[in-house]
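K.L.:
Pasting in a structure now, in structure tokens, and then I'll have a few things to ask.
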Amino acid sequence: MHLSFFINHLCGCFIKVSFVRNVVGLEDEAAKIISLLTEETEELDVISIIGMPGLGKTTLAGKIYRDPTIAYEFPIRLWVNVSQQYRVRDIFLSVLRDLSWITEDMYDKTDLEIAQALRARLDKESRNEEVARATNHYRTSHKLRFLNLEESRLLLKFSVFGNPNCPVELETLGGVIADMCGGLPLVIMLVAGVLAKIASTGEMKVMQSSWKKFTEILKTFVYDDLGTRFQQIVSFSCNALPSNLKPSFLYLGMFPEDFEIPIKRLILLWIAEGFIEQKTEISLEETAKHYLEDLIDRNLVMTDKIQFLIYKGRHISIDFNNVMNFISSQPYGPRVRSLCSSREEIILLPTDISAIADAFKLTRVLDVRSIRFTRFPFYLTQLVHLRHIALTSDFKVLPEAISKWWNIQTIIVFTSSRVLEIKADIWKMVHLRHLETNASVILCKAGAWKAADGGFRQLEVLKIEYTNLVLWEASSHHFPNLQELKLRNCEELEALPFGLADVSSLQVIDLHRTTKLAAASAREIQQETDTKGRRLKLSIFPSYE
1 MHLSFFINHL
11 CGCFIKVSFV
21 RNVVGLEDEA
31 AKIISLLTEE
41 TEELDVISII
51 GMPGLGKTTL
61 AGKIYRDPTI
71 AYEFPIRLWV
81 NVSQQYRVRD
91 IFLSVLRDLS
101 WITEDMYDKT
111 DLEIAQALRA
121 RLDKESRNEE
131 VARATNHYRT
141 SHKLRFLNLE
151 ESRLLLKFSV
161 FGNPNCPVEL
171 ETLGGVIADM
181 CGGLPLVIML
191 VAGVLAKIAS
201 TGEMKVMQSS
211 WKKFTEILKT
221 FVYDDLGTRF
231 QQIVSFSCNA
241 LPSNLKPSFL
251 YLGMFPEDFE
261 IPIKRLILLW
271 IAEGFIEQKT
281 EISLEETAKH
291 YLEDLIDRNL
301 VMTDKIQFLI
311 YKGRHISIDF
321 NNVMNFISSQ
331 PYGPRVRSLC
341 SSREEIILLP
351 TDISAIADAF
361 KLTRVLDVRS
371 IRFTRFPFYL
381 TQLVHLRHIA
391 LTSDFKVLPE
401 AISKWWNIQT
411 IIVFTSSRVL
421 EIKADIWKMV
431 HLRHLETNAS
441 VILCKAGAWK
451 AADGGFRQLE
461 VLKIEYTNLV
471 LWEASSHHFP
481 NLQELKLRNC
491 EELEALPFGL
501 ADVSSLQVID
511 LHRTTKLAAA
521 SAREIQQETD
531 TKGRRLKLSI
541 FPSYE
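Going by UniProt numbering, 545 is the number at position 545 of the sequence shown; the sequence numbering is gapless.
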């Protein structure tokens with residue numbers, strides 16, 4: 001049996017550096033650099049953009065990168081993030097990934113021809129003027145200016161109200177607040193995130209009162225040091241978060257600087273950590289999406305600059321090149337609830353694997369996809385509190401012993417094997433919400449499936465492929481939250497469980513190359529749901545009509 005679980009609307013999305021915000025006060029700066037980039041030169045040309053954090057260097061670079069003139073002059077160009085603690089391998093892989101769109105005919109050209117085709121000037125940013133000078137003796141560094149008061153006010157209006165207009169009652173207060181931001185675009189965006197939430201109330205008296213209070217708070221911040229003021233405003237923005245959003249936001253600091261965070265991965269981790277409030281009317285995944293949208297609305301999830309501030313408050317920083325020293329360290333191990341890794345791949349020896357289980361007995365989250373396991377780490381089955389596990393491996397079998405993971409919600413296994421056999425009875429893992437692998441999954445060979453008493457109360461999408469399943473027994477209480485059912489090449493299945501007609505959340509049944517009997521039973525389920533006043537989308541190929 002080949003089976004996959006998927007969570008709707010989450011695949012393929014990433015949190016990246018955002019270029020969507022209004023670019024105010026950068027038009028003249030962009031024009032200068034574009035003019036320099038399009039000049040003819042005989043040597044490699046590097047233009048360094050320097051300035052303090054939050055001034056808009058990345059935003060300016062992004063504006064230039066997407067400019068039509070630059071796109072025409074440099075049809076082959078790359079955007080690469082290089083953090084202060086960079087890894088050459090990561091940078092190289094990022095370049096290769098961005099180059100994957102080149103045409104096939106380029107592979108027939110000589111190395112010299114390809115090098116000439118790829119020769120483009122570099123647009124590099126740096127806040128360190130000494131580094132900027134060292135990279136280029138031909139150009140002087142471009143020092144990015146601060147926004148003037150008019151530009152600051154305009155950016156604040158756009159960020160709070162979505163347009164250059166501001167209610168007359170708030171015009172004066174808005175000007176005072178904008179002036180207090182010191183011409184730093186990122187500070188203005190953070191302040192706007194707070195003010196926008198106040199503005200969403202729609203009551204002018206409430207907004208006036210709240211804006212006045214906020215002005216008084218800003219007056220208490222240090223003004224002779226822009227860096228300190230920046231830190232204070234960021235801290236205020238974090239403290240202003242509702243209690244349900246603070247853990248989710250601070251959790252972003254777990255990821256490396258400049259790391260692209262897959263939304264699907266982030267949401268699954270939030271759920272496993274217990275950050276997401278359970279609501280009766282919507283799923284945990286939908287609630288988590290609302291949390292993320294709220295953080296974006298507050299301009300806290302916007303650029304890597306915010307992530308930089310999160311790192312300042314992180315308690316433990318781990319260099320996974322020295323991973324075993326961390327694993328064996330005390331007294332941190334017994335209290336560690338989550339162990340996550342990112343970046344480049346690490347290969348552990350079998351003797352190292354047991355140390356993980358010994359050091360982290362109470363771990364709920366083990367997302368170590370950058371660590372390659374050459375064989376299944378049986379010691380990990382001792383982690384009975386696990387809710388989330390993500391592994392990279394070479395093994396072909398998930399043993400029956402993983403049934404000990406009574407609390408497991410998410411199992412993710414990326415393997416070099418084309419087939420992954422799961423010997424454990426996953427149907428009895430009642431908390432399992434998400435099973436993901438890059439391989440074909442082989443489950444039981446039996447021709448009958450009788451759903452366990454606990455069922456899959458959290459399952460929303462079920463996809464079954466290439467199985468010899470004949471009899472399937474289940475009722476609505478086994479799949480109370482099922483939304484989509486997809487069957488592929490189930491050529492021996494006699495019928496779908498009629499009890500699925502009583503699953504009020506079921507919206508889609510999709511059959512591809514199943515039996516006539518299975519198709520007929522699906523139509524009966526659709527007819528039954530019609531009598532209950534619900535709409536069920538049914539797709540059958542071939543139709544057998």
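Every residue gets a Cβ at the ideal spot worked out from N, C-alpha and C, and that includes glycine. Predicted, not measured: the structure shown is a model, and the values here were computed from it.
What is the C-beta distance between A178 and R153, in whole angstroms, given that I count them as a contact (C-beta under 8 Å)?
P.N.:
As a working mapping, residue 178 is identified with position 178 in the sequence shown. As a working mapping, residue 153 is identified with position 153 in the sequence shown. Contact holds; Cβ gap of about 4 Å.
K.L.:
What separation, rounded to the nearest whole angstrom, lies between the Cα atoms of E473 and W449?
P.N.:
On the sequence shown, position 473 is the one that residue 473 refers to. On the sequence shown, position 449 is the one that residue 449 refers to. So the alpha carbons of these two residues sit roughly 6 Å apart.
K.L.:
By DSSP, does S152 sit in helix, in strand, or in coil?
P.N.:
Taking the first residue of the sequence shown as 1, we reach residue 152 at position 152. It is helical.
K.L.:
Is A82 helix, strand or coil when you go by DSSP?
P.N.:
For the purposes of this step, residue 82 is identified with residue 82 of the sequence shown, where counting begins at 1. Contrary to the premise, residue 82 reads as Val rather than Ala in this sequence. Coil.
K.L.:
Leaving out the 5 sequence neighbours to the left and right, which residues in its chain are closer than 8 Å to I34 when beta-carbon positions are compared?
P.N.:
The sequence position of residue 34 within the sequence shown is 34, counting from 1. Excluding residues within five positions, the ones whose Cβ falls inside 8 Å are I64, D67, T69 and I70.
K.L.:
Thinking C-alpha only, which one of L156, V46 and L380 is nearest H142?
P.N.:
Along the sequence shown, one-based indexing puts residue 142 at 142. For H142, the nearest C-alpha among the options comes from V46.
K.L.:
In terms of residues, what are the limits of the beta strand (DSSP E) holding A390?
P.N.:
Reading the sequence shown from its first residue, position 390 is the one you call residue 390. Start and end: H388 to S393.
K.L.:
Do G183 and F158 have their C-beta atoms closer together than 9 Å?
P.N.:
Locating residue 183 in the sequence shown gives position 183, counting from the first residue. Locating residue 158 in the sequence shown gives position 158, counting from the first residue. Cβ distance not < 9 Å, so G183 and F158 don't count as in contact.
K.L.:
Using DSSP's beta-bridge definition, name the partner residues of W449.
P.N.:
Position 449 of the sequence shown, counted from the start, is the residue given in the question as residue 449. DSSP lists W472 as partners of W449.
K.L.:
Would you list the residues sitting across from V368 in a DSSP beta bridge?
P.N.:
Taking the first residue of the sequence shown as 1, we reach residue 368 at position 368. Looking at the DSSP assignment, V368 forms a beta bridge with L391.
K.L.:
Identify the residues that DSSP records as bridge partners of K143: which are they?
P.N.:
The residue labelled residue 143 in the question sits at position 143 within the sequence shown. Looking at the DSSP assignment, K143 forms a beta bridge with I50.
K.L.:
Return yes when the C-beta of T172 is under 8 Å from any heavy atom of the ligand ADP, and no when it is not.
P.N.:
Looking at this structure, you won't find the ligand ADP or any other ligand, since it has none at all.
K.L.:
Is S283 buried or exposed, if buried means 16 or more other CB atoms sit within 10 Å of its CB?
P.N.:
Along the sequence shown, read from residue 1 onward, the residue named residue 283 stands at position 283. The residue is buried, with at least 16 neighbouring Cβ atoms inside 10 Å.
K.L.:
Where do the ends of the beta strand (DSSP E) carrying H431 lie?
P.N.:
Against the sequence shown, residue 431 aligns to sequence position 431. Per DSSP, H431 belongs to no beta strand (DSSP E) and is neither H nor E.
K.L.:
Can you tell which of V95, Y72 and K197 has its C-alpha closest to the C-alpha of V80?
P.N.:
Position 80 of the sequence shown, counted from the first residue, corresponds to residue 80. Of the candidates V95, Y72 and K197, the one whose C-alpha sits nearest the C-alpha of V80 is V95.
K.L.:
Judging by CA-CA distance, which residue of I411, L386, T415 and V384 is the nearest neighbour of K396?
P.N.:
For the purposes of this step, residue 396 is identified with residue 396 of the sequence shown, where counting begins at 1. Checking every option, the nearest Cα to that of K396 belongs to T415.
K.L.:
In whole angstroms, give me the CA-to-CA distance for T489 and S440.
P.N.:
Within the sequence shown, the letter at position 489 stands for residue 489. Within the sequence shown, the letter at position 440 stands for residue 440. Strictly speaking, residue 489 in this sequence is Asn, with Thr absent from that position. So the alpha carbons of these two residues sit roughly 14 Å apart.
K.L.:
How many angstroms separate the CA atom of T529 from the CA atom of L506?
P.N.:
Locating residue 529 in the sequence shown gives position 529, counting from the first residue. Locating residue 506 in the sequence shown gives position 506, counting from the first residue. If you take the alpha carbons of T529 and L506, they lie about 9 Å apart.
K.L.:
Looking at the secondary structure, which residues open and close the alpha helix (DSSP H) in which F236 lies?
P.N.:
The count along the sequence shown starts at 1 and reaches residue 236 at position 236. From DSSP, the alpha helix (DSSP H) with F236 extends over L226 to N239.
K.L.:
I'd like to know whether the C-beta atoms of I422 and I408 end up nearer to each other than 9 Å.
P.N.:
Position 422 of the sequence shown, counting from 1, holds the residue named residue 422. Position 408 of the sequence shown, counting from 1, holds the residue named residue 408. Result no, Cβ atoms of I422 and I408 do not sit closer than 9 Å.
K.L.:
Would E151 be called buried (16 or more neighbouring beta carbons within 10 Å of its own) or exposed?
P.N.:
Here residue 151 refers to the residue found at position 151 of the sequence shown. Looking at its Cβ environment, which holds 16 or more other Cβ atoms inside 10 Å, E151 is buried.
K.L.:
In or out: Q458 buried (at least 16 other Cβ within 10 Å) or exposed?
P.N.:
Position 458 of the sequence shown, counted from the start, is the residue given in the question as residue 458. Classification for Q458: buried.
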